[in-house]
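J.: Using the working numbering, the first residue of the sequence shown is number 2, and each one after it goes up by one.
Just so it is clear, CB atoms sit at the ideal spot from N, CA and C, and this is done for glycine as well.
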Amino acid sequence: MNQSSKILFISYKGSMYRYFQDIKRNTMFDSTVMSFFPFIFFKLGRTDLTQAEIQKGISFELARKKRKYFYIKYFWPFYEAFLHILFVIYYRRFTYVISKRMPDLICIWNGHRLPEYAIKLIAKKNNIKLAFFENGLLPDSTTVDPNGVNDLNSVPREKEFYENYAPSGKNLNFEIQQRAAIKSKKRYSKSPELYEDLPEKFIYVPFQVNHDSQVLLNSPRVNSMDELFQWLDYSIKKIEDKDLFFVIKEHPSDSTKFKHLHKVNKRILFRNFDSKDLIEKSLATLTLNSTVGLESLILGKKLILLGESCFKIEGIARFPESRDQLVECINSIDSWELDLGQIGKYLDYLNEIYCIQQSWRNPSEQHFESLEQRFKEIIYS
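Below, the structure written as structure tokens:
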């Protein structure tokens with residue numbers, strides 16, 4: 002391995018910053034770890050930024066904050082102007098940093114937030130390779146991808162790829178973890194009504210974080226949890242089986258409470274049981290693009306996707322594109338035949354080839370060895 006290859010890790014100060022420092026200590030590259038601050042060193046003069054690039058750079062951050070915080074409408078033009086200035090500062094700052102260090106690889110988290118987007122733009126203009134980090138697709142794993150995360154990642158989407166893929170033959174055994182509720186939602190999540198009996202037949206619908214990039218960027222047809230509920234309300238009135246219910250579990254990390262939807266339709270229930278139990282007791286899982294969908298595949302359950310995802314693959318999931326198509330999909334649910342062979346190959350590919358083993362929160366020597374190999378593949382590809 003060429004130890005002179007230079008890697009630049011950039012993150013906010015916090016757990017990811019400490020993880021990047023661990024990577025620096027445990028790998029053999031010439032690595033530098035830095036935070037987004039301070040702004041004291043930056044390139045003076047005019048930038049090569051266009052207004053379109055700035056607008057695209059701030060669009061997700063603006064949409065995320067508008068979804069998360071309900072400020073008066075007069076606030077947002079001022080906030081947008083602030084983001085405009087901040088993006089230019091980040092761009093100047095890291096144009097200067099990158100020109101001085103000239104790394105072979107830049108590592109960032111996710112890539113959608115404002116500072117990471119500025120860094121991504123600079124790297125692409127200078128033909129510098131990127132590695133995007135994210136929580137792993139599989140339990141106890143980490144994503145490190147040169148293309149991006151979630152729907153932008155490099156996981157093959159072609160059914161033929163998995164038909165021709167030779168699996169490892171290993172017995173895959175994943176432990177699905179229960180997600181703890183955030184502090185502001187702990188009391189709400191213990192409401193007795195959320196633990197009433199489950200219906201005999203139901204489709205499990207895990208809500209996602211309403212302001213997350215998966216919802217705002219990767220779900221063009223259903224752009225919020227309220228809109229997802231509208232799809233469910235429309236469908237439940239049209240499906241043939243009048244004994245079938247939808248059971249929704251609100252995301253434990255989303256501060257939004259959806260109590261206003263709890264009594265809208267008596268066949269759309271809100272429950273807060275363990276997600277694994279809900280998957281196992283359901284007929285299928287319906288989601289935009291949540292990793293709960295992958296957990297459903299792991300547990301051998303049928304999967305319906307409404308958003309864009311790296312598991313939107315023929316033979317692995319169904320993906321209706323309208324409310325009426327969703328009704329048709331649910332009406333034919335009993336006649337589905339799960340292609341367990343293809344699902345097994347897909348999960349084997351993720352486990353053996355794509356995912357970095359072990360979560361970034363609890364890395365071991367094996368984890369760092371896998372990272373070294375992944376960095377080498379990206380740098381020399």
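Can the beta-carbon of L87 be found less than 8 Å from the beta-carbon of L63?
T.: For L87 and L63, no; Cβs fall outside 8 Å.
J.: Expressed to the nearest angstrom, what Euclidean distance is found between the alpha-carbon atoms of F38 and S12?
T.: The alpha-carbon atoms of F38 and S12 are separated by roughly 9 Å.
J.: With distance defined between alpha-carbon atoms, name the residue in R65, Y235 and D31 nearest to N224.
T.: When only C-alpha atoms are compared, the closest one is R65.
J.: Going by C-alpha distance, which of S256, F203 and I344 is nearest L287?
T.: When each option's Cα is compared against that of L287, the closest is F203.
J.: Assign A167 to buried or exposed, taking buried as 16 or more other Cβ atoms, counted over all protein chains shown, within 10 Å of its Cβ.
T.: Exposed: under 16 other Cβ atoms inside 10 Å.
J.: Determine, using beta carbons only, whether S142 and S360 come nearer to each other than 8 Å.
T.: Cβ atoms of S142 and S360: closer than 8 Å.
J.: Please name the residue or residues paired with Q358 in a DSSP beta bridge.
T.: Beta-bridge pairing links Q358 to S142.
J.: Tell me the rounded alpha-carbon separation between F95 and D49.
T.: Between F95 and D49, the C-alpha separation is close to 13 Å.
J.: Exposed or buried, D1, counting other C-beta atoms within 10 Å across all chains shown (16 or more means buried)?
T.: Missing from the structure shown is residue 1; the chain here goes from 2 to 382 and no further.
J.: Taking only the alpha-carbon atoms, compute the straight-line gap between L9 and I129 and give it to the nearest angstrom.
T.: Distance between the alpha carbons of L9 and I129: 11 Å.
J.: Closest to F218 by CA distance: which of Q326, K57, F134 and E322 is it?
T.: Looking at the sequence shown, residue 218 is not Phe but Leu. If we check each option's Cα against that of L218, K57 comes out closest.
J.: Quick check on R268: does DSSP put it in helix, strand or coil?
T.: Three-state DSSP puts R268 in coil, outside helix and strand.
J.: Nearest-angstrom Cα distance between K121 and P200?
T.: K121 and P200: Cα-Cα distance of roughly 47 Å.
J.: G316 and K160 - do their beta-carbons sit closer together than 8 Å?
T.: Yes, the Cβ-Cβ distance between K160 and G316 is below 8 Å.
J.: To which residues of the same chain is V248 closer than 6 Å at the C-beta, ignoring the five residues directly before and after it?
T.: Closer than 6 Å at Cβ, skipping near neighbours: F203, Y205, L270 and R272.
J.: Would you mind sorting Y75 into buried or exposed? The rule is 16 or more other CB atoms within 10 Å of its CB.
T.: Classification of Y75: exposed, given that the 10 Å Cβ count is below 16.
J.: For I107, does the three-state DSSP call read helix, strand or coil?
T.: In the structure shown, I107 sits in a strand (DSSP, three-state: E or B).
J.: Taking only three categories from DSSP, how would you classify V156?
T.: DSSP places V156 in coil when its eight states are reduced to three.
J.: Using the Cα positions of E164 and I344, report the straight-line distance between them to the nearest angstrom.
T.: Whole-angstrom Cα-Cα distance: 10 Å.
J.: Look at the alpha carbon of I237 and the alpha carbon of Q231, and state the distance between them as a whole number of angstroms.
T.: Roughly 10 Å between the two C-alpha positions.
J.: Who does S12 pair with in a DSSP beta bridge?
T.: DSSP output for S12 lists S36 as bridge partner(s).
J.: Given A182, which residues of its chain have a CB within under 7 Å of its CB, disregarding the five upstream and five downstream residues?
T.: Within the same chain, A182 has close Cβ partners S190 and P253.
J.: Return the first residue and the last residue of the alpha helix (DSSP H) that I334 is part of.
T.: No alpha helix (DSSP H) holds I334; DSSP gives it neither H nor E.
J.: Cα-Cα, which of R362, C356 and D234 is closest to Q22?
T.: Considering only alpha carbons, the answer is R362.
J.: Using DSSP with H/G/I as helix, E/B as strand and the rest coil, what is R188?
T.: Residue state, collapsed to three classes: coil.
J.: Could you tell me the boundaries of the beta strand (DSSP E) in which T286 lies?
T.: Taken as a continuous stretch (DSSP letters only), the beta strand (DSSP E) holding T286 covers A285 to T288.
J.: Leaving aside the five residues before and after V328 along the sequence, list all residues of the same chain whose C-beta is less than 7 Å from its C-beta, in chain order.
T.: Contacts found: S236, K239 and I240.
J.: Using the C-alpha atoms, what's the distance from S220 back to H263?
T.: Distance between the alpha carbons of H263 and S220: 23 Å.
J.: Assuming S276 and G294 make a contact with CB atoms under 8 Å, what is their CB distance in whole Å?
T.: Not quite, the Cβ-Cβ distance comes to about 11 Å (not below 8 Å), so this is no contact.
J.: Give me the Cα-Cα distance between K258 and W110, rounded to the nearest whole angstrom.
T.: Approximately 27 Å between the Cα atoms of the pair.
J.: Quick check on the burial criterion: 16 or more other C-beta atoms within 10 angstroms. Buried or exposed for V216?
T.: Buried, because 16 or more other Cβ atoms sit within 10 Å of the Cβ of V216.
J.: Can you give me the Cβ contacts of C356 inside the same chain, cut-off strictly under 8 Å, excluding the 5 residues immediately before and after it?
T.: Counting only Cβ-Cβ distances below 8 Å, and skipping sequence neighbours, we find G137, L138, L139, S142, T143 and T144.
J.: Relative to the C-alpha of E117, which residue among M35, W77 and I73 is closest?
T.: Per the Cα distances, M35.
J.: Looking only at its chain, what residues have a beta carbon closer than 6 Å to the beta carbon of D244, apart from the 5 residues adjacent to it on each side?
T.: These residues qualify, in order along the chain: K202.
J.: Let's see if you can read the secondary structure: which residues bound the beta strand (DSSP E) around E135?
T.: K130 to N136 is the extent of the beta strand (DSSP E) around E135.
J.: Given a threshold of 16 other Cβ atoms within 10 Å of its Cβ, counted over all protein chains shown, does V265 qualify as buried or as exposed?
T.: With fewer than 16 Cβ atoms within 10 Å of its Cβ, V265 is classed as exposed.
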